[in-house]
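A.B. asks: Below is one structure. I have some questions about it.
In the working numbering, the protein residues as written are 110 to 360.
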């Protein structure tokens, strides 16, 4: 709210490179907290391509993003479907197809995010692990429903009230940047706790991991069951995702 208010007064809080860089971390969703951790447990370094891809493509952003931004502003484009349609003669049918693909593709993804948020919330406010509780309660008592409503209201208030391509969503970008700061603090705190509290530094941590049966395989790509093609395609998909996911289009 404060960011939105200051933006209207001409005193933008998000008009700097640091805030913009932090807002790009919207790429890291519940997959970062749950999916990557779970993949690291089962396949070791197999989670790395999800983040190596964006790092590889980052040097080309100033070329690719500059062109995308120029096209979007010159043709007053406000969505990824409109952008794709505009590149092929402003085809209405292509825009409809792109929208349908985005909607049906994003629904399962959003459901995973809601499940992760609601499970985390229930874990914090209840005295038991709510892993299987959601299938046993009425939908109107499910925290995911109210979380979805709250997120929808927040998006309407601070993200989609105006569809002017020249308008910056000050409140939404500021909230994403603030969330990114919390992500960094959380990961650094957990990392420091594990490395220097539970173990005696990196050498002790990796040494015990390498010497523990069942864990040493996680430090090898071959023993973890990861081949070169899987590594390549995951990196390629993550390179595309950080550029083309609908949520990235708005930051």
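Glycine is no exception: its CB is placed at the ideal position from the N, C-alpha and C atoms.
What is the residue span of the alpha helix (DSSP H) that residue 322 lies within?
C.D. replies: Taken as a continuous stretch (DSSP letters only), residue 322 belongs to no alpha helix (DSSP H), as it is neither H nor E.
A.B. asks: Are the beta-carbon atoms of residue 193 and residue 207 separated by less than 7 Å?
C.D. replies: Cβ distance < 7 Å, so residue 193 and residue 207 count as in contact.
A.B. asks: Locate the alpha helix (DSSP H) running through residue 337, then write down its first and last residues.
C.D. replies: Where residue 337 is concerned, the enclosing alpha helix (DSSP H) stretches over 337-353.
A.B. asks: By how many angstroms is the C-alpha of residue 176 removed from the C-alpha of residue 350?
C.D. replies: Computed Cα separation, rounded: 17 Å.
A.B. asks: If the criterion is Cβ atoms closer than 7 Å, does the pair residue 286 and residue 178 meet it?
C.D. replies: For residue 286 and residue 178, no; Cβs fall outside 7 Å.
A.B. asks: Reducing DSSP to helix, strand and coil, say where residue 326 ends up.
C.D. replies: Helix at residue 326.
A.B. asks: Nearest-angstrom Cα distance between residue 328 and residue 184?
C.D. replies: Straight-line Cα distance between these residues: approximately 49 Å.
A.B. asks: Go through its chain and collect everything with a Cβ distance to residue 223's Cβ below 7 Å, but skip five positions before and after it.
C.D. replies: Hits under 7 Å: 253, 256, 257.
A.B. asks: Here's a check: name, in chain order, each residue in its chain whose Cβ is nearer than 7 Å to the Cβ of residue 324, leaving out the five neighbours to either side.
C.D. replies: 318.
A.B. asks: Is there contact between the segment 153-168 and the segment 337-346, where contact requires at least three CB pairs shorter than 8 Å?
C.D. replies: Result yes; three or more Cβ-Cβ pairs closer than 8 Å.
A.B. asks: Taking the CB atoms as reference points, tell me whether residue 304 and residue 293 lie closer together than 7 Å.
C.D. replies: Against a cut-off of 7 Å, the Cβ pair of residue 293 and residue 304 comes out as no contact.
A.B. asks: For residue 219 and residue 139, which I take to be in contact (beta-carbon distance under 8 Å), what is that distance rounded to the nearest angstrom?
C.D. replies: That belief does not hold up - the Cβ atoms of residue 219 and residue 139 are roughly 10 Å apart, past 8 Å.
A.B. asks: Could you give the uninterrupted runs of the beta strand (DSSP E) lying entirely in the segment 162-193, keeping only those of 3 residues or more?
C.D. replies: Within the segment 162-193, no complete beta strand (DSSP E) run reaches 3 residues.
A.B. asks: Measuring CA to CA, which of 284, 209, 235, 133 is closest to residue 174?
C.D. replies: Ranking 284, 209, 235, 133 by Cα distance to residue 174 puts 133 first.
A.B. asks: Taking the alpha carbon of residue 230 as the point to measure from, which residue in 186, 189, 156, 251 has its own alpha carbon closest?
C.D. replies: Residue 251 is the option with its Cα nearest to residue 230.
A.B. asks: Where residue 141 and residue 147 are concerned, what is the direct C-alpha to C-alpha distance, given to the nearest angstrom?
C.D. replies: Residue 141 and residue 147: Cα-Cα distance of roughly 10 Å.
A.B. asks: For the alpha helix (DSSP H) that residue 283 lies in, which residues bound it at each end?
C.D. replies: Run containing residue 283: 279-302, per the alpha helix (DSSP H) assignment.
A.B. asks: Restricting to Cα atoms, I'd like to know which of 249, 246, 281, 247 is closest to residue 262.
C.D. replies: Cα-wise, what sits closest to residue 262 is 281.
A.B. asks: Between the Cα of residue 131 and the Cα atoms of 283, 312, 302, which residue gives the shortest distance?
C.D. replies: Comparing Cα-Cα distances from residue 131 to each of 283, 312, 302, the minimum goes to 283.
A.B. asks: Quick one: what does DSSP say residue 199 is sitting in, helix, strand or coil?
C.D. replies: Correct three-state label for residue 199: coil.
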